[in-house]
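Using UniProt numbering, the first residue of the sequence shown is number 1, and each one after it goes up by one. Beta carbons: idealized from backbone N, C-alpha and C, even for Gly. Remember, it's a predicted structure, so these values are computed and weren't measured experimentally. As structure tokens, the structure follows; a few thoughts come after it.
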Amino acid sequence: MAPGTGSATFRSGGEAYDFFMGRYAAPLAPAFADLAGVTEGQRALDVGCGTGMLTAELVGRLGVDNVAACDPAPAQLAAARARCPGVDVRQASAEDLPFEDDSVDVCLAQLVLHFVPDPERGVAEMARVTVPGGRVAVCVWDALGGMEMLRLFWQAGNDVDAAAPEELRTMRFGHPDELAALLRGAGLVDVVEETVAVEARYEDVDELWSSLRLGVGPAGAYLAALPGEQQEALRTAYLERLGPREGSFTLGALARAAVATVP
Numbered sequence: 001m002a003p004g005t006g007s008a009t010f011r012s013g014g015e016a017y018d019f020f021m022g023r024y025a026a027p028l029a030p031a032f033a034d035l036a037g038v039t040e041g042q043r044a045l046d047v048g049c050g051t052g053m054l055t056a057e058l059v060g061r062l063g064v065d066n067v068a069a070c071d072p073a074p075a076q077l078a079a080a081r082a083r084c085p086g087v088d089v090r091q092a093s094a095e096d097l098p099f100e101d102d103s104v105d106v107c108l109a110q111l112v113l114h115f116v117p118d119p120e121r122g123v124a125e126m127a128r129v130t131v132p133g134g135r136v137a138v139c140v141w142d143a144l145g146g147m148e149m150l151r152l153f154w155q156a157g158n159d160v161d162a163a164a165p166e167e168l169r170t171m172r173f174g175h176p177d178e179l180a181a182l183l184r185g186a187g188l189v190d191v192v193e194e195t196v197a198v199e200a201r202y203e204d205v206d207e208l209w210s211s212l213r214l215g216v217g218p219a220g221a222y223l224a225a226l227p228g229e230q231q232e233a234l235r236t237a238y239l240e241r242l243g244p245r246e247g248s249f250t251l252g253a254l255a256r257a258a259v260a261t262v263p
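What follows is the structure, encoded as structure tokens:
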């Protein structure tokens with residue numbers, strides 16, 4: 001669901017995405033499911049499921065027969081199906097969900113809406129497939145520096161290239177109340193917006209830099225387009241921003257999440 005520069009994320013294979021972003025998405029999934037109130041006996045839909053990190057969490061809570069998922073990208077769908085065998089995984093965009101009205105109790109979109117061309121329609125579709133009294137839950141990365149790995153990358157990018165973009169600053173829905181306003185605008189009620197903190201572990205700085213070199217997402221696409229000399233300059237600036245790291249280490253990330261009830 002990624003227009004423009006963000007489309008690199010979804011053209012990349014599932015393994016590349018997992019190596020780059022999956023280490024953050026995996027710990028986010030249970031916290032996000034908790035916030036959405038996912039409990040036994042419900043039916044759930046994972047919109048923009050990607051490689052199936054959240055889908056797998058939902059299956060663990062609800063069982064394979066009570067979870068469905070969708071994504072527009074074939075490579076991501078293949079990874080999700082491999083991770084979650086037996087789940088009803090369909091190729092579809094958030095704006096045109098191939099599911100019946102009132103067919104799930106909770107509908108979730110993890111790290112998706114900022115890539116959706118028409119997010120208002122996407123949220124309306126999520127509400128349509130959710131039963132009255134059910135929940136719609138959405139989350140994106142915080143735009144105020146909450147994603148340490150990307151914040152440092154773009155700061156280093158601007159150290160060596162004044163024309164480097166600022167992904168987090170321009171990310172949609174990553175500022176306070178933006179997600180909540182989107183859900184309220186769709187007519188949903190009892191809207192709550194919170195932040196969710198997670199950490200990702202890297203074996204060393206080489207693993208961190210290798211994840212960025214995969215070409216995944218706006219950061220990866222920007223790095224891949226640089227000449228070799230500029231890539232090395234950016235790496236040096238990035239490691240300076242990162243500071244001394246011996247052996248394995250963690251980086252933090254903060255997501256903004258909003259949950260609402262379908263009236």
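Count the other CB atoms within 10 Å of the CB of residue i; is the residue buried (16 or more) or exposed (fewer)?
i, result
"A162", "exposed"
"G14", "buried"
"V38", "buried"
"A2", "Confidence at A2 is low in this model, with a pLDDT of 32, below 50, so its placement is unreliable and the value that follows should be read with caution. Per the 10 Å Cβ criterion, buried."
"D105", "buried"
"G157", "buried"
"R201", "exposed"
"G133", "exposed"
"A225", "exposed"
Over the uninterrupted beta strand (DSSP E) stretch that includes residue i, give me the two end residues.
i, result
"Q42", "Per DSSP, Q42 belongs to no beta strand (DSSP E) and is neither H nor E."
"L254", "249 to 261"
"R201", "189 to 202"
"V136", "130 to 141"
Mind checking which residues open and close the alpha helix (DSSP H) that includes residue i?
i, result
"F153", "148 to 160"
"R213", "Here R213 belongs to no alpha helix (DSSP H), and DSSP marks it neither H nor E."
"R184", "178 to 185"
"E55", "It should be noted that the sequence gives Thr, not Glu, for residue 55. Its alpha helix (DSSP H) spans residues 53 to 62."
"D163", "Correcting the residue identity first, residue 163 is Ala in this sequence and not Asp. Unbroken run through A163: none, as it is neither H nor E."
"A14", "Reading off the sequence, residue 14 comes out as Gly, not Ala. Note, G14: alpha helix (DSSP H), 14 to 17."
Three-state secondary structure (DSSP) at residue i?
i, result
"V108", "For the record, residue 108 in the displayed sequence is Leu; it is not Val. It is a strand residue."
"D71", "strand"
"V89", "strand"
"D96", "coil"
"G243", "coil"
Tell me which residues share the same chain as residue i and place their Cβ nearer than 7 Å to its Cβ, disregarding the 5 neighbours each side in the sequence.
i, result
"T5", "With a pLDDT of 33 at T5, under the threshold of 50, the modelled position of that residue is not reliable, and no figure is offered here."
"R121", "E95"
"L77", "D71, V89, Q91"
"M53", "G22, A25, A26, A29"
Mind reading off the beta-carbon distance from residue i to residue j? Whole number of angstroms is fine, and I expect it under 8 Å.
i, j, result
"L214", "H175", "Not confirmed; about 28 Å, so no contact."
"A258", "V191", "6 Å"
"S211", "F20", "5 Å"
"L234", "L223", "7 Å"
"W247", "D204", "Residue 247 is actually Gly in this sequence, not Trp. Yes, G247 and D204 are in contact; Cβ-Cβ is about 6 Å, under 8 Å."
"L251", "M149", "5 Å"
What does a CB cutoff of less than 8 Å around residue i pick up in its chain, not counting 5 residues either side in sequence?
i, result
"V59", "V67, C84, V87"
"A127", "C107, V136, A186, G187, L188, V262"
"L111", "M21, A25, L28, G48, G50, C139, V140, W141, A255"
Near residue i, what residues of its chain come up, given a Cβ to Cβ distance below 6 Å and the 5 sequence neighbours on each side ignored?
i, result
"L254", "D142, G146, T195, A197"
"A180", "V191, E193, A258"
"L183", "V191, A258, A260"
"R241", "L152, Q155, A156"
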